[in-house]
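J.: First residue of the sequence shown: 86, per our numbering; consecutive thereafter. What follows is a structure written as structure tokens; I'll ask about it next.
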Amino acid sequence: MGGQSVEEFKRQAEPGPAEWLIALLAGMQLAELGSGALQAEKRTTNIAARVAAWLVAALPLHPRQGGLRAVQRAMAGDVLAALGDPRFDANHAHLPAEPGHGFVRIEADAEFRIGTASTQRERIRQIIEARVRDVEINDATTPTQAFYVARYPVTVAQFGACLQATQTEPGAADTLRDPPNRPVRYVSWRESVAYCEWLQAQFQHATEFDASDLAALVRSGSWQVALPTERESEKAARGGLVGQVFSWGDEPDAERANVGDSGVNDSSAAGCFEPNAYGLHDMLGNLCEWTSSRRVIRVADGRGAAVSLPQLAQYDKLVVRGGSWFGSARGARCAWRANLHFGVRESDLGLRVVLRSSSVTKH
């Protein structure tokens, strides 16, 4: 590795576990200096930036691709936070520092079918070694309109920017405890909706978004930031695959999602596991994610119609999706769904946002 950038190294050879581990150890040593020392000298700042770039490249690499194990990648994510995660832009609400602020367009799919087909029930039961509940069985097509979905779940830094700007105290003492690049957790459904409303206002009015094509959609009055419906969540999680159990296929793999079998035993920085074919990270595992869909008895009943704050009754429950670090590799799958009361805050529950045309029917 020496003093080379990761791009320079790749011109000569493909990095392997040894190089990624050296980068991790270098980052840990730099992190011990503290942010003040890292910024005190230009040379130290440049070294930290180079190491951070190595860690960014290491995060999503599966061991079969020459990457580190899940536990080491999770450590790298936290070290990256200490060095300053270059993937996120503090000048733009800590959204991803990339075109479109990390929102990925998912095209309309007239043939999409949410849930598990009844004919596939036994096959999937054998794969996950558990029963497939009636609540996810569905044999009807459930078309999706085009929408944009965030590449990563909402991070601590993003949610913290909202709280700071609105002078709002977090609803739980641990909400902002984690490193800034980890997904925020211990947030209720109402707090998640409030974040969507704040980000919508940023796109509409903040001058730093004046040149943003994404903000232009919002400012046109026809697109809005929202929690995904469970239909949108599953469409995004599948990454274009049809009928497979996971977003990569039918084989459980604790190196592809932060689940109980991964050994991390906690949440991990956004993007520590490889993305699905849409380029989306952590759609399965890490944290379960709120949706805007009210609980239904079966996935086909109402098909997850979105609900708004005024419509919520005292005991209403909302659908959550994705599985988490707390569950098994067989539980973090595309069709998995659960229901939680809208006031619940958990250590394995967070959120992700979408940008949806307000002219389409929400499901």
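Beta carbons: idealized from backbone N, C-alpha and C, even for Gly.
Residues bridged to P181 by DSSP?
T.: Residue 181 sits at position 96 when you count from the first residue of the sequence shown. P181 pairs with F173.
J.: Skipping 5 residues on each side, what residues in its chain have a beta carbon closer than 7 Å to that of M368?
T.: Taking the sequence shown and counting its residues from 1, one reaches residue 368 at position 283. These residues qualify, in order along the chain: A321, A322, S332, N361 and G407.
J.: Are three or more beta carbon pairs between the segment 426 to 440 and the segment 267 to 275 nearer than 8 Å?
T.: yes
J.: Suppose the cutoff is 7 Å on Cβ atoms and the five residues either side in sequence are ignored; what does the same chain contact list for D506 look like?
T.: Residue 506 is absent from the structure shown; the chain starts at 86 and stops at 448.
J.: Could you check the C-alpha separation between G101 and G151 for me, to the nearest Å?
T.: Locating residue 101 in the sequence shown gives position 16, where the first residue counts as 1. Locating residue 151 in the sequence shown gives position 66, where the first residue counts as 1. C-alpha separation (whole angstroms): 5 Å.
J.: Looking only at its own chain, which residues have a Cβ that is under 7 Å from the Cβ of V217, when we skip the five neighbours before and after it?
T.: As a position in the sequence shown, residue 217 is number 132, starting the count at 1. Excluding residues within five positions, the ones whose Cβ falls inside 7 Å are T201, R206, I209 and R210.
J.: Answer with buried or exposed for N176, where buried requires no fewer than 16 other C-beta atoms within 10 angstroms of its C-beta.
T.: Sequence index remark: in the sequence shown, residue 176 carries index 91 (1-based). When all chains shown are included, N176 counts as exposed.
J.: Report yes or no: do three or more beta-carbon pairs, one from the segment 431 to 442 and one from the segment 260 to 271, lie closer than 8 Å?
T.: They touch, by the three-pair rule.
J.: Give the straight-line distance between the Cα atoms of A142 and D401, rounded to the nearest whole angstrom.
T.: Sequence index remark: in the sequence shown, residue 142 carries index 57 (1-based). Sequence index remark: in the sequence shown, residue 401 carries index 316 (1-based). If you take the alpha carbons of A142 and D401, they lie about 42 Å apart.
J.: Going by DSSP, what residues sit across from I222 in a beta bridge?
T.: Working through the sequence shown from its first residue, we reach residue 222 at position 137. Partner(s): T201.
J.: Is it the case that the Cβ atoms of W283 and T251 are separated by a distance below 8 Å?
T.: As a working note, residue 283 is residue 198 in the sequence shown. As a working note, residue 251 is residue 166 in the sequence shown. Yes, the Cβ-Cβ distance between W283 and T251 is below 8 Å.
J.: If we require 3 or more residues per run, which beta strand (DSSP E) segments fall completely within the segment 257 to 314?
T.: 308 to 311
J.: Is V234 helix, strand or coil by DSSP?
T.: Taking the first residue of the sequence shown as position 1, residue 234 is located at position 149. If DSSP states are grouped into helix, strand and coil, V234 belongs with the strands.
J.: I need the straight-line Cα distance from Q157 to F358, nearest angstrom please.
T.: Locating residue 157 in the sequence shown gives position 72, counting from the first residue. Locating residue 358 in the sequence shown gives position 273, counting from the first residue. Near 11 Å, if we compare the C-alpha coordinates of F358 and Q157.
J.: DSSP state of T129, grouped into three classes?
T.: The residue given as residue 129 occupies position 44 in the sequence shown. Three-state result, T129: helix.
J.: Alpha carbon to alpha carbon, how far is Q309 from H290? Give it in angstroms, no decimals.
T.: As a working note, residue 290 is residue 205 in the sequence shown. As a working note, residue 309 is residue 224 in the sequence shown. Each residue's Cα considered, the two are about 13 Å apart.
J.: Between A342 and the rest of its own chain, which residues show a CB-CB distance below 6 Å, the 5 nearest in sequence each way excluded?
T.: As a first step, residue 342 is located in the sequence shown; it is residue number 257 there, counting from the start. Excluding sequence neighbours, A342 sits near F358, L369, G370 and A417.
J.: Taking the alpha carbon of R190 as the point to measure from, which residue in A258, T129, Q230 and A166 has its own alpha carbon closest?
T.: Position 105 of the sequence shown, counted from the first residue, corresponds to residue 190. The candidate whose alpha carbon is nearest that of R190 is Q230.
J.: Near W421, what residues of its chain come up, given a Cβ to Cβ distance below 6 Å and the 5 sequence neighbours on each side ignored?
T.: One-based indexing of the sequence shown puts residue 421 at position 336. Excluding positions up to five away in sequence, the list reads G408.
J.: Spell out a yes or no on whether the segment 113 to 120 and the segment 299 to 319 are touching, meaning 3 or more CB-CB pairs, one atom from each, closer than 8 Å.
T.: No, the segment 113 to 120 does not touch the segment 299 to 319.
J.: Run through the DSSP bridge pairs and tell me what T240 is partnered with.
T.: For the purposes of this step, residue 240 is identified with residue 155 of the sequence shown, where counting begins at 1. Among the bridge pairs identified by DSSP, T240 is matched with P268.
J.: I believe R59 touches N223 by the beta-carbon criterion, under 8 Å. Please report the beta-carbon distance rounded to the nearest angstrom.
T.: Lying before the first or after the last residue shown, residue 59 is absent from the chain, which here runs from 86 to 448.
J.: Expressed to the nearest angstrom, what Euclidean distance is found between the alpha-carbon atoms of S318 and G88?
T.: Residue numbering aside, residue 318 sits at position 233 when the sequence shown is read from its first letter. Residue numbering aside, residue 88 sits at position 3 when the sequence shown is read from its first letter. The alpha-carbon atoms of S318 and G88 are separated by roughly 42 Å.
J.: Between the alpha carbons of I107 and P265, how many angstroms are there, rounded?
T.: Within the sequence shown, residue 107 is the residue found at index 22, counting from 1. Within the sequence shown, residue 265 is the residue found at index 180, counting from 1. Each residue's alpha carbon lies about 23 Å from the other.
J.: Can you tell me the Cα-Cα spacing of I132 and A98, whole angstroms?
T.: Stepping through the sequence shown from its first residue, residue 132 is reached at position 47. Stepping through the sequence shown from its first residue, residue 98 is reached at position 13. Distance between the alpha carbons of I132 and A98: 21 Å.
J.: Note down the Cα distance separating T226 from E214, rounded to an integer number of angstroms.
T.: Along the sequence shown, read from residue 1 onward, the residue named residue 226 stands at position 141. Along the sequence shown, read from residue 1 onward, the residue named residue 214 stands at position 129. Spanning the two alpha carbons is a distance of roughly 27 Å.
J.: Work out the CA separation of R379 and V404 for me, nearest whole Å.
T.: As a position in the sequence shown, residue 404 is number 319, starting the count at 1. As a position in the sequence shown, residue 379 is number 294, starting the count at 1. Cα to Cα, the separation comes out at about 6 Å.
J.: For L326, tell me which candidate among F294, E196, L312 and A138 has the shortest Cα-Cα distance.
T.: The residue given as residue 326 occupies position 241 in the sequence shown. For L326, the nearest C-alpha among the options comes from E196.
J.: How big is the Cα-Cα spacing for A178 and Q243?
T.: On the sequence shown, residue 178 is found 93 positions in, with the first residue counted as 1. On the sequence shown, residue 243 is found 158 positions in, with the first residue counted as 1. When rounded, the distance between both Cα atoms is 6 Å.
J.: Are any of the Cβ atoms in chain C nearer than 8 Å to that of V278?
T.: Checking the listed chains, one finds no chain C in this structure; it contains a single protein chain.
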